[in-house]
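Novice: Read in order, the letters of the sequence shown correspond to residues 1 to 304 in UniProt numbering.
What follows is a structure written as structure tokens; I'll ask about it next.
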Amino acid sequence: MIKSVITDQISMDLEEALKKAKYLSYNAVEIHSLWGKTIEELTNEEVGRAKELLDKYNMNLSCLSTTLFFICPLYETYSIENFNPKFLVSTGDYKSHLEKLKRSAEISKALNASCIRIFPFRAPNDKSLIGNTEDIENITLKLNKAVEIAKNHDVILVLENCPHSYLPKGIMTKKVFDNINSPNLKLLWDPGNSFRAPINIIPQEHKNISLIDELRIIYHNIEHIHLKDYLKISKDKHQTTLSKNLREFEHTVFGQGSINFELLLDELKKLRYSKYLSLEPEVSKEDTINSMKFLTKMLNKKFN
Numbered sequence: 001m002i003k004s005v006i007t008d009q010i011s012m013d014l015e016e017a018l019k020k021a022k023y024l025s026y027n028a029v030e031i032h033s034l035w036g037k038t039i040e041e042l043t044n045e046e047v048g049r050a051k052e053l054l055d056k057y058n059m060n061l062s063c064l065s066t067t068l069f070f071i072c073p074l075y076e077t078y079s080i081e082n083f084n085p086k087f088l089v090s091t092g093d094y095k096s097h098l099e100k101l102k103r104s105a106e107i108s109k110a111l112n113a114s115c116i117r118i119f120p121f122r123a124p125n126d127k128s129l130i131g132n133t134e135d136i137e138n139i140t141l142k143l144n145k146a147v148e149i150a151k152n153h154d155v156i157l158v159l160e161n162c163p164h165s166y167l168p169k170g171i172m173t174k175k176v177f178d179n180i181n182s183p184n185l186k187l188l189w190d191p192g193n194s195f196r197a198p199i200n201i202i203p204q205e206h207k208n209i210s211l212i213d214e215l216r217i218i219y220h221n222i223e224h225i226h227l228k229d230y231l232k233i234s235k236d237k238h239q240t241t242l243s244k245n246l247r248e249f250e251h252t253v254f255g256q257g258s259i260n261f262e263l264l265l266d267e268l269k270k271l272r273y274s275k276y277l278s279l280e281p282e283v284s285k286e287d288t289i290n291s292m293k294f295l296t297k298m299l300n301k302k303f304n
């Protein structure tokens, strides 16, 4: 397992983030946004500058963390919006996201990224059911074209389970993975997102699968892992829309929340997971640093 951190969790200034990550003994980072824009929006000059800084600090790029196919309507008649103005995103229609993916593949090559993050489409806040057969089929249809682009550019896409999307759990993104069945599509598993999944509005078959069971089911399809922690602050079992369900949780320092990461890391060790664990704590800058220190401590305990 190789520790990593998303740079904008430390600073929007890439050099400041890299300097701090290196100081804390991190040799890999993931880039989502920098210099006030998303990674897929960089100019050639900015890509060159990013490459210079990654080389200067001897940093590997664990993932090109784009926001493609997130703020992008799965159904043309649905209205969607970003869940957080601080989370920078690409917008536009489906065709524009495909074009941005081609650009992202070029950036990925230039920066030697291990993979490119994509999403399973933003779900409207008033949805009372997400991730049904129709949703899976439509996501598969649209991402098939994305995977063709990835194949043509020889890059790997990783599909992230996201509680603001149609597929909040890894067991659900696996269905799209299985449908497409391509070496250019893998899974980005975020156990925090699975933990936070709005279980009252997903199909019954996915409701009661534990994080450990989910990991065991999807393990061989995982290319990248995100780490974040949550505190569960409500036990209201009658919340019936996406926006209401997401109010049950709040972010906290990694390792101080309701998720048993000791158990998950033990299982990953048993499974011989050797790829990246990338922190995305979504807390204050100070608590991001505390999260980075805790992950290092946890990994040292497991492997030293």
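Ideal Cβ placement from N, Cα and C applies to all residues, glycine included.
The structure presented is a predicted model; accordingly, all values stated were derived computationally and were not measured.
Looking at C-beta atoms only, is the number of pairs between the stretch 98-113 and the stretch 131-139 that lie closer than 8 Å three or more?
Specialist: At 8 Å Cβ cutoff, the stretches do not touch.
Novice: Kindly indicate the opening and closing residues of the alpha helix (DSSP H) around residue 354.
Specialist: The structure shown does not extend to residue 354, since the chain is modelled only from 1 through 304, so no value can be given for it.
Novice: Give, in chain order, every unbroken run of the alpha helix (DSSP H) that is at least 4 residues long and sits entirely within the stretch 137-216.
Specialist: Listed in chain order, they are 170-180, 191-195.
Novice: What whole-angstrom Cβ distance do G257 and Y230 have, given they're in contact under 8 Å?
Specialist: Going by Cβ atoms, the distance from G257 to Y230 rounds to 5 Å, so yes, they are a contact pair.
Novice: For L279, report the span of its alpha helix (DSSP H) as first-last.
Specialist: Taken as a continuous stretch (DSSP letters only), L279 belongs to no alpha helix (DSSP H), being part of the beta strand (DSSP E) at 276-279.
Novice: List the residues that DSSP assigns as beta-bridge partners of T38.
Specialist: DSSP lists S33 as partners of T38.
Novice: From what residue to what residue does the alpha helix (DSSP H) around N290 run?
Specialist: Note, N290: alpha helix (DSSP H), 285-303.
Novice: Should the stretch 66-74 be regarded as contacting the stretch 48-56, the criterion being three or more beta carbon pairs within less than 8 Å?
Specialist: Taking 8 Å as the limit for Cβ pairs, the verdict is that the stretch 48-56 does not touch the stretch 66-74.
Novice: So is F303 buried or exposed if we call it buried at 16+ other beta carbons inside 10 Å?
Specialist: F303 should be labelled exposed.
Novice: Check whether the stretch 9-27 and the stretch 280-292 are in contact - that is, three or more C-beta pairs closer than 8 Å.
Specialist: Yes, since at least three Cβ pairs between the stretch 9-27 and the stretch 280-292 fall closer than 8 Å, the two stretches touch.
Novice: If you count every other CB in all the chains shown that lies within 10 Å of the CB of N208, and 16 or more means buried, which is it?
Specialist: Per the 10 Å Cβ criterion, exposed.
Novice: How far does the beta strand (DSSP E) with F249 in it extend, from its first residue to its last?
Specialist: First-last of the beta strand (DSSP E) with F249: 249-252.
Novice: If you compare alpha carbons, which of G92, E15, E205, F195 is closest to residue 311?
Specialist: Since the first and last residues shown for the chain are 1 and 304, residue 311 lies out of range.
Novice: Are V155 and I116 closer than 8 Å when you measure CB to CB?
Specialist: Yes, the pair counts as a contact, with Cβ atoms nearer than the cut-off.
Novice: Y230 lies in the beta strand (DSSP E); which residues open and close that run?
Specialist: Its beta strand (DSSP E) spans residues 229-232.
Novice: Considering only residues of the stretch 55-131, which uninterrupted alpha helix (DSSP H) runs meet the minimum length of 4 residues and lie entirely inside it, listed in chain order?
Specialist: Fully enclosed alpha helix (DSSP H) runs of 4 or longer: 94-111.
Novice: Residues in its own chain within less than 7 Å of P163 by CB, not counting five upstream and five downstream?
Specialist: Excluding positions up to five away in sequence, the list reads N193, R196, A197, P198, L246.
Novice: Does DSSP put E282 in a helix, a strand or coil?
Specialist: If DSSP states are grouped into helix, strand and coil, E282 belongs with coil.
Novice: Span of the alpha helix (DSSP H) holding L266?
Specialist: It is Asp, not Leu, that sits at residue 266 in the sequence shown. Per DSSP, D266 belongs to the alpha helix (DSSP H) from 261-270.
Novice: If you draw a straight line from the C-alpha of P71 to the C-alpha of R122, how long is it?
Specialist: Reading off the sequence shown, one finds Ile at residue 71, where the question assumed Pro. Approximately 6 Å between the Cα atoms of the pair.
Novice: Within its chain, find whatever has a CB closer than 7 Å to the CB of P203; leave out the 5 residues flanking it on each side and keep chain order.
Specialist: For P203, where only same-chain residues beyond five positions count, the Cβ hits under 7 Å are G131, N132.
Novice: How would you label H220, buried or exposed, when you count the other beta carbons within 10 angstroms and need 16 or more for buried?
Specialist: The residue in question, H220, is exposed, as its Cβ has fewer than 16 Cβ neighbours within 10 Å.
Novice: Grab the span of the alpha helix (DSSP H) containing Y23 for me, first residue to last.
Specialist: From DSSP, the alpha helix (DSSP H) with Y23 extends over 14-23.
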